[in-house]
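Residue numbering for the sequence shown follows full-length UniProt numbering, starting at 1 and increasing by one per position. Backbone N, C-alpha and C define an ideal beta-carbon position, used for all residues, glycine too. Just so we're clear, the structure is a prediction, and the values are computed from it rather than from any experiment. As structure tokens, the structure follows; a few thoughts come after it.
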Amino acid sequence: MISKVIMPKLGETMEEGEIIQWLKHEGDRVKEGEPLLEIATDKANMEVEALSSGFLRKIVAPAGEIVPVTKTIAYIADSMQEEISPAAETPEKPAQKKVPEEPPIQPPIKASPLAKKLARDYGIDLSTVKGSGPGGRVLKEDVIKLAEEKETVAEKVVSLSRIEKVMVQRMEKSKREIPHFYLTVEVDFSKSQALRDD
Numbered sequence: 001m002i003s004k005v006i007m008p009k010l011g012e013t014m015e016e017g018e019i020i021q022w023l024k025h026e027g028d029r030v031k032e033g034e035p036l037l038e039i040a041t042d043k044a045n046m047e048v049e050a051l052s053s054g055f056l057r058k059i060v061a062p063a064g065e066i067v068p069v070t071k072t073i074a075y076i077a078d079s080m081q082e083e084i085s086p087a088a089e090t091p092e093k094p095a096q097k098k099v100p101e102e103p104p105i106q107p108p109i110k111a112s113p114l115a116k117k118l119a120r121d122y123g124i125d126l127s128t129v130k131g132s133g134p135g136g137r138v139l140k141e142d143v144i145k146l147a148e149e150k151e152t153v154a155e156k157v158v159s160l161s162r163i164e165k166v167m168v169q170r171m172e173k174s175k176r177e178i179p180h181f182y183l184t185v186e187v188d189f190s191k192s193q194a195l196r197d198d
């Protein structure tokens with residue numbers, strides 16, 4: 001008999017998990033309750049135990065892959081000779097993705113030919129340059145100024161861990177959805193400073 005190993009839902013908010021590593025390889029004997037793989041959720045890294053005994057027949061989702069909850073990630077069979085039926089092996093139909101709408105057509109950017117050439121050379125998008133010429137026209141000085149500013153601010157791209165990504169998403173969500181208010185109070189500390197100086 002062949003049983004599926006699915007991505008478990010380990011929390012109410014968990015929608016997907018990343019497979020960090022497989023602790024067993026295809027063909028290895030597996031006992032029920034034995035750690036099978038390690039996954040990263042939005043909150044922690046956890047080991048997933050085998051729910052049945054047998055042989056790890058096939059790994060569907062390799063290490064490093066992000067898998068939705070309840071999707072099949074492997075198969076455990078009573079023997080290595082057992083064949084996985086094509087019906088069991090067919091992947092679940094992915095959800096249809098929305099086709100993004102095309103952005104509205106923007107009017108051409110007014111820029112001098114030299115400014116256009118410099119922007120191309122520096123790899124600068126002219127729509128990000130504020131023109132100082134007549135009618136907002138982008139001049140070569142504007143492009144050079146922006147290029148010099150970009151050189152002084154060296155960007156370093158850092159990839160976030162899964163937990164950091166979730167933290168960023170939740171902070172953005174709370175900022176968007178929870179009402180915020182700010183309070184400013186003025187306090188006279190001149191007497192406190194006088195006591196401190198004494």
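Per-residue burial, residue i [other beta carbons within 10 Å of its own, 16 or more giving buried]
{"i": "Ala194", "result": "exposed"}
{"i": "Met7", "result": "buried"}
{"i": "Leu160", "result": "exposed"}
{"i": "Ile178", "result": "exposed"}
{"i": "Val5", "result": "buried"}
{"i": "Arg162", "result": "buried"}
{"i": "Val168", "result": "exposed"}
{"i": "Thr90", "result": "Confidence at Thr90 is low in this model, with a pLDDT of 49, below 50, so the placement of that residue should be treated as unreliable; the coordinate-derived value is given next. Exposed, by the Cβ-count rule."}
{"i": "Ala63", "result": "exposed"}
{"i": "Val157", "result": "exposed"}
{"i": "Leu114", "result": "exposed"}
{"i": "Leu126", "result": "buried"}
{"i": "Leu146", "result": "buried"}
{"i": "Val185", "result": "exposed"}
{"i": "Thr183", "result": "The sequence given here places Leu at residue 183; Thr does not occur at that position. Looking at its Cβ environment, which holds fewer than 16 other Cβ atoms inside 10 Å, Leu183 is exposed."}
Sequence-distant residues of its chain with Cβ nearer than 7 angstroms to residue i (five each side left out)
{"i": "Val30", "result": "Lys24, Leu36, Ala50, Ser53, Gly54, Phe55, Leu56, Ile76"}
{"i": "Gly135", "result": "Lys110"}
Short Cβ contact (8 angstroms threshold) for residue i with residue j
{"i": "Asp121", "j": "Gly131", "result": "no"}
{"i": "Glu26", "j": "Lys58", "result": "yes"}
{"i": "Met1", "j": "Asp78", "result": "yes"}
{"i": "Ile84", "j": "Leu118", "result": "no"}
Beta-carbon proximity list for residue i, same chain, < 6 angstroms, skipping 5 on both sides
{"i": "residue 201", "result": "The structure shown has nothing for residue 201, since the chain only spans 1 to 198."}
{"i": "Thr41", "result": "Leu10, Met14, Gly17"}
{"i": "Ala61", "result": "Ile19, Val67, Ile73"}
{"i": "Gly133", "result": "Leu139"}
{"i": "Arg137", "result": "Lys110, Gly131"}
Residues of its chain near residue i, where Cβ-Cβ distance is below 8 angstroms and the 5 sequence neighbours each way are ignored
{"i": "Asn45", "result": "Ile20, Glu38, Ile39"}
{"i": "Gly33", "result": "Glu49, Ala50"}
{"i": "Asp28", "result": "Phe55, Leu56"}
{"i": "Glu12", "result": "none"}
{"i": "Asp197", "result": "none"}
Interface flag, residue i vs chain C, CB-CB below 8 angstroms
{"i": "Val143", "result": "Of the protein chains in the structure, only one exists, and it is not chain C."}
Does the region 52-71 come close enough to the region 12-28 to have 3 or more Cβ pairs within less than 8 angstroms?
Segments in contact, yes.
Runs of alpha helix (DSSP H) lying entirely within the UniProt domain "Peripheral subunit-binding (PSBD)" (110-147), each at least 4 residues, in chain order:
Qualifying alpha helix (DSSP H) stretches, in chain order: 113-122.
Just to confirm the assignment: which complete beta strand (DSSP E) runs, minimum length 3, are found wholly within the UniProt domain "Lipoyl-binding" (2-77)?
Taking only runs of at least 3 residues, the beta strand (DSSP E) segments lying wholly in the UniProt domain "Lipoyl-binding" (2-77) are 2-6, 16-22, 35-40, 45-49, 54-59, 66-68, 72-77.
Residue ranges of each beta strand (DSSP E) run of no fewer than 3 residues wholly in the region 159-197, ordered along the chain?
Within the region 159-197, no run of beta strand (DSSP E) reaches 3 residues while sitting entirely inside it.
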